[in-house]
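First to last, the protein sequences are chains A and B. The opening residue of the first sequence carries number 790 in the numbering used here; numbering runs sequentially from there. The opening residue of the second sequence carries number 36 in the numbering used here; numbering runs sequentially from there. Glycine included, each C-beta is placed from N, C-alpha and C at the ideal position. It should be emphasised that the depicted structure is a prediction, and the values quoted were computed from it without experimental measurement. In what follows, a structure is listed as structure tokens, so that the remarks can point back to it.
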Amino acid sequence: MSVAAKKKTSHSIQRRDNIEGFLFTLPAVIGLFVFILIPIIASIGLSFTKWDLITDIEFIGIKNYVELFQDEIFLTSLLNTLKWVVLYIPLGLTLSFILALAMDMPVKGIGVFRTIFYLPYVSPILVIALLFTWIYNTDFGILNYMLNEIGLPSVPWISDGNLAIFSICLMSVWKGAGYNMLIFLAALQGIPDSLYEAADLDGITAFQKVIYIKIPLITPSLYYVMIMAVISAFQVFNEIYIMTSGGPGYATYTMSYYLWSNAFSYNRFGYACAMAIIMFIIILAVSLFQTQFLGKKVQYDL
Amino acid sequence: MRKSKKSIIISYVILIVMSVVDIAPFVWMVLSSFKSQQELFAYPPTFWPEEWHPENYVNAWNSGSISFGGMFLNTMKIVIPVVIIGVLVSSLAAYAFARINFKGRDKLFGLFLASMMVPFAVTLIPSFIMFRTLGWYDTFLPLIVPGCFGSAFAIFLLRQFFMTIPGELEEAARIDGCGRLRIWFQIFMPLSKPILATLTVFTFQGNYNDLMGPLIYLSDSSKFTVQLGLATFRGMFSTRYDLLMAGSVFCLLPILVIYIFAQKYFVSGIVMTGLKG
């Protein structure tokens, strides 16, 4: 085969690859554009309008954004969301990590423990939230009964404004612990035994092993879990919708919940879009911050 | 050696305590579902039902504006097409990303990965407006159609798996004149059964558990899914915890059964995301 002919063949192979690659990914790409990328752009556009879907759409510039930052309920929602993130991330990650450490020991019945820990995670959030509404019940809940039995007073778990978001968050930590535990456990099990053997010769304690070997070596997983957990924590909605509907007062309004109310209760679609954009910017900024400042400390190679 | 024994004991304590904390609420749910309304609000609360009321289940099944049987049927009408078509579409794209060297491949794949970070709130309202304009409000379509176009998560997971399949298999098939579509369907798909099973259970779980979608798009109670049905049921009987707990057991049961039988697929999927993410 001449050089020119060879070139032509490789050229036509590339052409074929391009066409097949395009066709194979086409359905998924259509989905990506129609259900994600175009809606993002549409949201940005709608955030500059006032629209209830019934009367004519009205362009109002940055008015929605100006109003948002004077909207007490929005600011409360933002603050509550931050509270949620600040509570959820350390509690959730620490619990998952401790469980993973315990699972990584030569203990019997790993399979059974794993099944149990993962059970709350697969359960529908609706079922869990209804169940905890009952468990948290101030007057008839089992939790307060147990507190009373050991001589402690009843706690208004989700009926007190200061406590509600904390109680709901605790439930979410409980529900999600098994998921991140599995990721941490897989990473811990990937640490070669030779490292521990060397450390044993140096006579380090179990605690030192965690600090100097385990944590540094699983940072990639820690980092992944952290980014994903932060993104989902910023969007908390279901628990709030089911358990308190944002109450008492506005004590458990989160960004997603307020956004949802604006769209589907008050028909303020433009305003809700502006809120979605703010939320998107916050999540992007936090993720970017994590990639820039934590990402550099991640150790990928052994 | 003594030290490691100590840490093993501590590990057992942690694992057992957490197991109890994880299981207890579910036990409480099941026990509550058999109690009478009076007994549920008795003080001090009873642990075992004084009188067992299995009829709570019969009442819960039929008390809503739609029976649980109807809700299950509706849910399946949504979940089954999404699972089958969505996984196929994702797998087709994943094959291209793993095996075809086409122009713009890596950028496109990056776009899919980035889309996983987009909060649902950003696409929520335009999607709602789009589906309403199409006349799809109060039909299953807004809940089925987007899922049928695959998901970035599924594409990512399948691509990882496809990349581990040895190239020789594909080469041999190509020499025999096998087209790519056939290679994908007759070589890659059968070899990927475990990961396809993982995605099937994940997709099933995600769609079955979805509350917000049905909440936004369905209004006629005859179309309610299990999640929306139970949420509405709660609105009607907010203090009837006997019925609510029995209904919750109905709602949980299908997921529980699948979880118990397909547990290894749930676990392997998570492990793969974490290690390769």
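Asked, Found
"Are there three or more Cβ pairs, one per stretch, closer than 8 angstroms when the stretch 85-101 of chain B is compared with the stretch 273-287 of chain B?", "yes"
"Can you tell me whether ARG37(B) is buried or exposed, with buried defined as 16 or more other CB within 10 angstroms of its CB?", "Because the pLDDT of ARG37(B) is 47, which lies under 50, any placement of that residue in the model is unreliable, and the number read from its coordinates should be weighed accordingly. It counts as exposed."
"Under 9 angstroms between C-beta atoms, does GLN1022(A) make it to chain B?", "This sequence places Ala at residue 1022(A); Gln is not what is there. Taking Cβ atoms only, chain B never reaches closer than 9 angstroms to ALA1022(A), which makes this a no."
"May I ask you to report which of helix, strand or coil DSSP gives LYS138(B)?", "coil"
"Residues of chain A with CB under 9 angstroms from TYR300(B), in chain order?", "What TYR300(B) touches in chain A: nothing, since even the nearest Cβ is about 12 angstroms away."
"Could you name the residues of chain A that VAL153(B) contacts, counting a contact when the two beta carbons are closer than 8 angstroms?", "ILE825, ILE829, PHE1069"
"Give me whichever residues DSSP pairs with GLU847(A) in a beta bridge.", "LYS839(A)"
"Which complete alpha helix (DSSP H) runs does the stretch 1005-1041 of chain A hold, if anything under 4 residues is left out?", "1008-1022, 1027-1032"
"Which ranges would you report for the beta strand (DSSP E) in the stretch 196-284 of chain B if only whole runs of at least 3 residues count?", "none"
"Verify whether the separation of the beta carbon atoms of PRO80(B) and PHE929(A) is less than 9 angstroms.", "yes"
"Can you tell me the Cα-Cα spacing of ILE827(A) and MET1068(A), whole angstroms?", "18 angstroms"
"Quick one: which residues of the stretch 871-895 of chain A get their C-beta closer than 9 angstroms to a C-beta of chain C? List them in chain order.", "Protein chains A and B are contained in the structure displayed, whereas chain C is not."
"Quick check on the DSSP output: what are the complete alpha helix (DSSP H) runs of length 4 or more inside the stretch 942-981 of chain A, in order along the chain?", "953-978"
"Got a sec: is the Cβ-Cβ distance from PRO945(A) to anything in chain B below 9 angstroms?", "no"
"For chain B, find out if any of its Cβ atoms is closer than 9 angstroms to the Cβ of ASP1090(A); answer yes or no.", "Low confidence applies to ASP1090(A): its pLDDT is 46, below 50, so where it sits in the model is not reliable, and the reading given next is rough at best. Taking Cβ atoms only, chain B never reaches closer than 9 angstroms to ASP1090(A), which makes this a no."
"Does the CB of MET1154(A) have a neighbour CB from chain B at under 9 angstroms?", "Residue 1154(A) lies beyond the residue range present for chain A, which begins at 790 and ends at 1091; the question has no answer from this structure."
"Please report the residue range of the alpha helix (DSSP H) in which ARG903(A) lies.", "899-911"
"With 9 angstroms as the threshold, decide whether the Cβ of ARG37(B) is near any Cβ in chain A.", "For ARG37(B), the pLDDT reaches just 47, beneath the cut-off of 50, and the residue's location in the model is therefore unreliable, although a value from the coordinates is still provided. No, because no Cβ of chain A sits closer than 9 angstroms to the Cβ of ARG37(B)."
"May I have the straight-line CA-CA distance separating LEU990(A) from THR238(B), to the nearest angstrom?", "47 angstroms"
"Please check the pair PRO177(B) and PHE184(B), which I expect to be a contact at CB under 8 angstroms, by giving their CB distance rounded to whole angstroms.", "With 8 angstroms as the limit, PRO177(B) and PHE184(B) do not qualify as a contact, their Cβ atoms being about 13 angstroms apart."
"Using a beta-carbon distance below 9 angstroms, is VAL818(A) in contact with chain B?", "yes"
"Under 7 angstroms, CB to CB, which of the residues in the stretch 171-202 of chain B have a partner in chain A?", "PRO181, PHE184, GLY185, ILE190"
"Apply the 10 Å Cβ neighbour rule to GLU1028(A) and answer buried if 16 or more other Cβ atoms are within range, or exposed otherwise.", "buried"
"Per DSSP, what kind of secondary structure is TRP96(B) in: helix, strand or coil?", "helix"
"Is it a yes or a no for the stretch 192-210 of chain B touching the stretch 130-142 of chain B, going by three-plus beta-carbon pairs under 8 angstroms?", "yes"
"For VAL302(B), does the three-state DSSP call read helix, strand or coil?", "helix"
"Is it a yes or a no for the stretch 221-234 of chain B touching the stretch 82-89 of chain B, going by three-plus beta-carbon pairs under 8 angstroms?", "no"
"Since LEU265(B) contacts LEU915(A) with CB under 8 angstroms, what's their CB separation in whole angstroms?", "6 angstroms"
"Quick one: is THR798(A) near chain B, going by C-beta distance under 9 angstroms?", "no"
"Does the CB of PHE296(B) have a neighbour CB from chain A at under 9 angstroms?", "no"
"Measuring alpha carbon to alpha carbon, tell me which of SER1054(A), TRP963(A), PHE902(A) ends up nearest LEU250(B).", "SER1054(A)"
"When the Cα atoms are used, what is the spatial distance from ALA232(B) to SER885(A)?", "26 angstroms"
"By the three-class DSSP mapping on this structure, what secondary structure does ILE51(B) have?", "helix"
"If you draw a straight line from the alpha carbon of ILE293(B) to that of ILE905(A), how long is it in whole angstroms?", "14 angstroms"
"Report the residue from GLY99(B), VAL48(B), LEU143(B) whose alpha carbon sits nearest the alpha carbon of LEU263(B).", "GLY99(B)"
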